[in-house]
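Residue numbers (the numbering used here): 91 to 203.
One structure is given below, encoded as structure tokens.
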Amino acid sequence: MGGKSMMKWPKQITSYFVEQLICSERDLDKAISIFNAATVEYSNGFRHDQNTFGLMIRRLLSANKFVLAEDMLVRMKQEKCDMSEDIFLSIYRAYARDHKSLEVLRVFGKTNE
């Protein structure tokens, strides 16, 4: 992304606005950039919530990017955002789909450290 923003942000952004941008972006790498840019551009004002984190985690899991999804969970914890049941179920389903149900225990053990 460099020193320049890839898009022009409005003066005020909401979680809903960020969700819409992420949903409309087909390229996962660009969606991640949008997610990250929202907090960089508004470092003293905007914070991701369960909805934006959940959306990004689901996008990552649907692309089988398990490590990146786990990193997002760690970031969620660092930013003191509680994990919803919906996020938990998304993670469980993704690992089960990939025949890695026991990995869920490891992931949640990691988030409780």
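Glycine included, every Cβ here is placed at the ideal spot set by N, Cα and C.
Keep in mind it's a predicted model, so treat the numbers as computed, not measured.
On the three-state DSSP scale, how would you describe residue i?
i	result
Ser114	helix
Ala128	helix
Ile103	coil
Asp119	helix
Asp42	A question about residue 42 goes unanswered here, because the residues of the chain that appear run from 91 up to 203.
Phe156	helix
Phe136	coil
Asp188	coil
So, is residue i buried or exposed, given that buried needs 16 or more other C-beta atoms within 10 angstroms?
i	result
Tyr185	buried
Glu160	buried
Val130	exposed
Leu111	buried
Between which two residues does the alpha helix (DSSP H) holding residue i run?
i	result
Lys200	Glu193 to Thr201
Glu169	Counting along the chain, Glu169 falls outside any alpha helix (DSSP H), and DSSP gives it neither H nor E.
Could you round the C-beta distance between residue i and residue j to whole angstroms and report it? I think they count as a contact, below 8 Å.
i	j	result
Leu150	Met162	6 Å
Met173	Thr201	7 Å
Asp176	Gly135	Actually they do not touch by this definition, with Cβ atoms about 26 Å apart.
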